[in-house]
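Under the working numbering, the residues of the sequence shown are numbered 316 to 729, in order. Data first, discussion second: the structure below is written as structure tokens.
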Amino acid sequence: MKIAIIGAGISGLVNAYKLSAKHQVTVYEQTKQIGGLCSGFESDGKYIDKYNHFFSKSDKELMELFSELGINRKVSWAKSGQCLFINDQLQDLSNPCDLFAIKSLSIIDKLKTGKFLAENLFSKMNIELNDKNAEEWIIEQCGIAAFNLLFKPLLNFKTQQTDDISAMYLKARLKERKNNIIGTLQGGMHTLLIALRDRLHKNKTHIWLNSKVKKITRDGQNKWQVILDTGAEEYDLVIACISLTDAAALFVGNPGFYVSEYLSVGSWVLDLNKPLNQKCWICLVDDQREKRHVVVNTQPLNNENRTYFTFYLRNQSVTPQLEQEMFNACCDSLKKINPEFNQQWIRQKTFHYDLNVEPVFTQKFVAKLYGAVESFNGLYLPDLMYLPQLLKTINTSLIKSAIIRQRIKKEFKV
Ligand SMILES: Cc1cc2nc3c(=O)[nH]c(=O)nc-3n(C[C@H](O)[C@H](O)[C@H](O)COP(=O)(O)OP(=O)(O)OC[C@H]3O[C@@H](n4cnc5c(N)ncnc54)[C@H](O)[C@@H]3O)c2cc1C
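Here is the structure:
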């Protein structure tokens, strides 16, 4: 079969790699490089990921892919902490016992929160939580003080407006965070991208870079037409490994599928000439001016003093002014992490941003996905697929890719 894949992020590349053994696959990517959110930039002859990526031992599909591609030896595991800036100091929150060190929380609230974490970190996802509001759920279970101090920052940094977020999403995030052993790949995500690209070349799969798909159309039961500025090409099926917002723009009129709200992301990567002496996988620091939280990753990779700052944006676009404000927030955060920090410590800085990176998991999100059709006679959209773990990670991209391939096998009997 002749298959078009739109988007050369991890989802597109993995689908192309797996399908190209049997089918004629073409990948279209709008930017000048492969990798999407896992791509990076070159600096002093080295390749640096634009966003910080970690994985855990429970990311089974990703571990299998590393082995299949022969890059499993490049994985290293490290213990790393998670902290929150509370009452003017960094508070380690790497395990539930750390709760007892928080002075501003009453013993009752600590016990309620400890019980809540014990019940929820290891239990299965329950679908009823989809309809429940995250804020109400935590206040009921742990009390308002614990919500404001511990859970609001976690919701705040991603979604900003917390009052419409699903409890199911919060549970998914907490479960994701329970593991303090984190994995990284030597050479970063670039190592995975290069391994996938080489396999695709071997299978004679063409990746068209700088090739934005502008429209996709289909006449009755006929083939799909993929339309670019440079021309159009016919395919038996199309896999659009892009956000639903980007996918909807490829259709004239109503796309016929549910389009959720998406978050955008801005990120400063700062290379310091001194170590911060604080190794955190996730550190949430409040940006007092903007009243939001910033995620700072200070886990040294390859012994480099690199820090990643991530700002998620909802209903906001990245302007030069916002970029500068984010930089100021980075400097404030670094000062909180290490009071000796000053801007002369910054050896190099780069800013990156992407639109439509992850759906906003509002209440009833899952019900809306359930109500939607996931494939339309040969058009497949991974972001329309529901998985109990909800979050958009590399591993969930791999799970969704595997489901798509099973569906293609069943629907096209190939
Ligand atoms: C700051 C940040 C930190 C993260 N950290 C982690 C982490 O630690 N661990 C983890 O597992 N996951 C992490 N993730 C999530 C992970 O990066 C994503 O889940 C994964 O990379 C998504 O891959 P994808 O292929 O689905 O989408 P994308 O990477 O978004 O790829 C989509 C591609 O489609 C292209 N495209 C879009 N429209 C068109 C068009 N019309 N024509 C042609 N091409 C088009 C885009 O240019 C892009 O290259 C993080 C994400 C962010 C933003």
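C-beta atoms are modelled at their ideal positions from N, C-alpha and C, and glycine is treated no differently.
query, result
"Taking only runs that begin and end inside the region 481-560, name each unbroken beta strand (DSSP E) of 3 or more residues, in chain order.", "496-500, 521-523, 530-533, 539-543, 546-550, 552-555"
"Given that a residue counts as buried once 16 or more other Cβ atoms are within 10 Å of its Cβ, and exposed if not, what is R621?", "buried"
"Under 7 Å Cβ to Cβ from F415, same chain only, skipping five residues before and after it: list those, please.", "K425"
"L469 to H608, Cα distance in whole Å?", "8 Å"
"Under 7 Å: does the beta carbon of D544 sit that close to some heavy atom of ligand 1?", "no"
"Please confirm if the region 430-437 is in contact with the region 566-579, defined as three or more CB-CB distances below 8 Å between the two stretches.", "no"
"Closer than 7 Å: is that where the CB of T625 sits relative to any heavy atom of ligand 1?", "yes"
"Name the one or two DSSP bridge partners that E673 has.", "L578"
"Need the endpoints of the alpha helix (DSSP H) that E455 sits in, please.", "449-457"
"Hey, is H368 close to ligand 1, as in C-beta under 7 Å from one of its heavy atoms?", "yes"
"Following the continuous beta strand (DSSP E) through D601, name the residue where it begins and the one where it ends.", "595-602"
"Following the continuous alpha helix (DSSP H) through N710, name the residue where it begins and the one where it ends.", "709-727"
"Which first and last residues belong to the beta strand (DSSP E) in which V567 is found?", "V567 -> no beta strand (DSSP E), and no H or E assigned at all."
"Express the C-alpha separation of T506 and W392 in angstroms, rounding to a whole number.", "16 Å"
"Name the DSSP beta bridge partners of H608, please?", "D601"
"How many angstroms separate the CA atom of N592 from the CA atom of P654?", "11 Å"
"Does the Cβ-Cβ distance between L713 and V329 come in under 8 Å?", "yes"
"Between V600, G458, H521, which has its C-alpha nearest G263's C-alpha?", "There is simply no residue 263 to check, as the chain begins at 316 and stops at 729 in what is shown."
"For the region 338-407, list the alpha helix (DSSP H) runs that are entirely contained and at least 4 residues long, ordered along the chain.", "375-384"
"Please report how far the alpha carbon of I509 lies from the alpha carbon of E376, in whole angstroms.", "18 Å"
"Does T428 come out as helix, strand or coil in the three-state DSSP assignment?", "helix"
"Determine contact between the region 672-680 and the region 467-485, defined as no fewer than three beta-carbon pairs at a distance below 8 Å.", "yes"
"Sorry if obvious, but does the Cβ on C556 come closer than 7 Å to a heavy atom of ligand 1?", "yes"
"So the alpha helix (DSSP H) K317 belongs to, where does it begin and stop?", "Element bounds for K317: not the alpha helix (DSSP H) but the beta strand (DSSP E), 317-321."
"Can you name, in chain order, every residue of its own chain whose Cβ lies under 8 Å from the Cβ of F536, other than the five neighbours on each side?", "According to the sequence provided, residue 536 is Gln. The question's Phe does not apply to it. Taken in chain order, the residues that qualify are N692."
"Please tell me whether, using a cut-off of 7 Å, the distance from the CB of E357 to the nearest non-hydrogen atom of ligand 1 is below it.", "no"
"Tell me whether Y332 sits in a helix, a strand or coil according to DSSP, three-state version.", "helix"
"Report the rounded CA-to-CA distance for K365 versus L578, giving the unit in angstroms.", "17 Å"
"Is the CB of I386 under 8 Å away from at least one CB in chain D?", "In the structure shown, chain D does not exist; there is a single protein chain."
"What residues match up with Y668 in a beta bridge as DSSP calls it?", "G581"
"My output table needs one value for F680: the three-state DSSP class, helix, strand or coil.", "helix"
"Using the Cα positions of Q259 and A562, report the straight-line distance between them to the nearest angstrom.", "For the chain, the structure presents residues 316 to 729; residue 259 sits outside this window and is missing."
"Could you compute how far the alpha carbon of K467 sits from the alpha carbon of D601?", "11 Å"
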